Amino acid sequence: MPGKKRILKIAGRLSDPFRFENGKKFRLNKINPGDTLWLKSEDKGKAQEGLQVGIEALAELQDKLYAQDQWAVLLMFQAMDAAGKDGAIKHVMSGVNPQGCQVFSFKTPSAEELDHDFLWRCLKCLPERGRIGIFNRSYYEETLVVRVHQELLARQKLPPKLVTKRIWQERFEDIRAVERYLSRNGVLILKFFLHVSKKEQKKRFLERIENPDKNWKFSAGDVAEREHWDDYMAAYEDMIRHTATPEAPWYVVPADNKWFTRIVVAAAVVKALENLDLAYPAVNEAKLEELAAAKRQLEGQNGPRRKP
Ligand code: ATP
Ligand code: MG
Numbered sequence: 000m001p002g003k004k005r006i007l008k009i010a011g012r013l014s015d016p017f018r019f020e021n022g023k024k025f026r027l028n029k030i031n032p033g034d035t036l037w038l039k040s041e042d043k044g045k046a047q048e049g050l051q052v053g054i055e056a057l058a059e060l061q062d063k064l065y066a067q068d069q070w071a072v073l074l075m076f077q078a079m080d081a082a083g084k085d086g087a088i089k090h091v092m093s094g095v096n097p098q099g100c101q102v103f104s105f106k107t108p109s110a111e112e113l114d115h116d117f118l119w120r121c122l123k124c125l126p127e128r129g130r131i132g133i134f135n136r137s138y139y140e141e142t143l144v145v146r147v148h149q150e151l152l153a154r155q156k157l158p159p160k161l162v163t164k165r166i167w168q169e170r171f172e173d174i175r176a177v178e179r180y181l182s183r184n185g186v187l188i189l190k191f192f193l194h195v196s197k198k199e200q201k202k203r204f205l206e207r208i209e210n211p212d213k214n215w216k217f218s219a220g221d222v223a224e225r226e227h228w229d230d231y232m233a234a235y236e237d238m239i240r241h242t243a244t245p246e247a248p249w250y251v252v253p254a255d256n257k258w259f260t261r262i263v264v265a266a267a268v269v270k271a272l273e274n275l276d277l278a279y280p281a282v283n284e285a286k287l288e289e290l291a292a293a294k295r296q297l298e299g300q301n302g303p304r305r306k307p
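Residue numbers (numbering that gives the first Met the number 0): 0 to 307.
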């Protein structure tokens, strides 16, 4: 495996161009969903080897994260349908010890969830210290699907006088405040928007229809949702402009090439974890003595008795 310095350098080259810590100047049309930086499609094999290196690095980092038990890591994924959220999560996390990792998928809210504030169901699922928590969709849906389909807002049973024109700005404000609070409590937050083009989405939907093994992934509702594409893009842009902060950056990852999406996500996670300076807990004098005593005891013990 390449050295840590080299891994960090490549991870930065791959992920820094897509990292946004300050939304003010962000424009979605600056990110091309087909972008693959300096990598060409014939470099796909090399990219896959690179991903493997990232996966191994991540496994080591997670082991230290768990042992150190100080930081928690929260990775959030948002995307249009068929952008490859599930695949990115599956591949990037494939080397990670399942004991230290939790994935939660947030779908249409249940009656119980609608009876609470909009952050409730996600905050219940935050990772513990030492763990990596993954949100497959998140409270950001509250500024996306709920904004595009305002009838969903009506179902949220909010007192009418609280539902004003400012509601989306207020949600952004509350989200920023919660993310700042979490970061001050040792939760490292990384947010990924997998940015697929409308054309590539169509191609992937057709594959889901034509390939029997992919039929299960297809839902007719997803096709209808394409009619709101421009509204979704406007909502995504506004969301990123208002919620990209140094403590909880957005990565807007080109998603027309799955191999590229995955290596960028892995690179971003590896780089952010490397920057935490994770380390196994130091062993003090007393612990060293305890270890030495245990060793003496084990060595002094007789093995199983043999029959004469
Ligand atoms: P897949 O890749 O399998 O399609 P998915 O994440 O799209 O995965 P689905 O069950 O297809 O999962 O869709 C979940 C749906 O729930 C999405 O359409 C999403 O917009 C919707 N949803 C998520 N959160 C909310 C919310 N807070 N309010 C309303 N709808 C929501
Ligand atoms: Mg879906």
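By construction, the Cβ of each residue, glycine as well, lies at the ideal position given by its N, Cα and C atoms. Keep in mind that this is a model prediction, so the values were computed, not measured.
Going by the C-beta, is residue i closer than 7 Å to any heavy atom of the ligand ATP?
i: Lys257; result: no
i: Lys106; result: yes
i: Lys190; result: no
i: Val91; result: no
i: Val145; result: yes
i: Asn214; result: no
i: Asn210; result: no
i: Leu151; result: yes
i: Glu141; result: yes
i: Arg136; result: yes
To the nearest angstrom, report how far apart residue i and residue j are at their CA atoms.
i: Pro253; j: Asn31; result: 6 Å
i: Lys286; j: Leu297; result: 16 Å
i: Gln168; j: Asp237; result: 10 Å
i: Asn283; j: Trp37; result: 48 Å
i: Glu140; j: Leu205; result: 25 Å
i: Asp173; j: Ile166; result: 10 Å
i: Ser39; j: Ile262; result: The amino acid occupying residue 39 in the given sequence is Lys; Ser does not appear at that position. Answer to the nearest angstrom: the Cα atoms are 13 Å apart.
i: Ala71; j: Asp276; result: 13 Å
i: Arg136; j: Leu290; result: 45 Å
i: Ala164; j: Ala58; result: The question names Ala, but residue 164 is Lys in the sequence shown. Approximately 46 Å between the Cα atoms of the pair.
With respect to 7 Å, is the separation between the Cβ of residue i and the closest non-hydrogen atom of the ligand MG below this value?
i: Ser218; result: yes
i: Asp68; result: no
i: Asp85; result: no
i: Asp221; result: yes
i: Asp309; result: Summary: the structure shown does not reach residue 309, with the chain confined to residues 0 through 307, and so no result is reported for it.
Provide the residue(s) that pair with residue i in DSSP beta bridges, ordered along the chain.
i: Met75; result: Phe134, Lys190
i: Trp249; result: Phe19, Lys190
i: Cys100; result: Ile131
i: Thr244; result: Ala247
Label residue i either buried or exposed according to how many other C-beta atoms from any shown protein chain fall within 10 Å of its C-beta, with 16 as the threshold for buried.
i: Ser218; result: exposed
i: Pro158; result: exposed
i: Tyr279; result: exposed
i: Arg146; result: buried
i: Glu0; result: Note that residue 0 corresponds to Met in the displayed sequence, not to Glu. Exposed is the call here.
So residue i and residue j are in contact, right, with Cβ under 8 Å, and what is the actual spacing, rounded?
i: Arg203; j: Ala81; result: 4 Å
i: Ile131; j: Leu50; result: No, Ile131 and Leu50 are not in contact; Cβ-Cβ is about 17 Å, not under 8 Å.
i: Ala87; j: Phe76; result: 7 Å
i: Val264; j: Val91; result: 5 Å
i: Ala10; j: Lys270; result: 4 Å
Measure from the C-beta of residue i to each C-beta in chain B and report whether the shortest distance is under 8 Å.
i: Gly49; result: Chain labels in this structure do not include chain B; a single protein chain is all it has.
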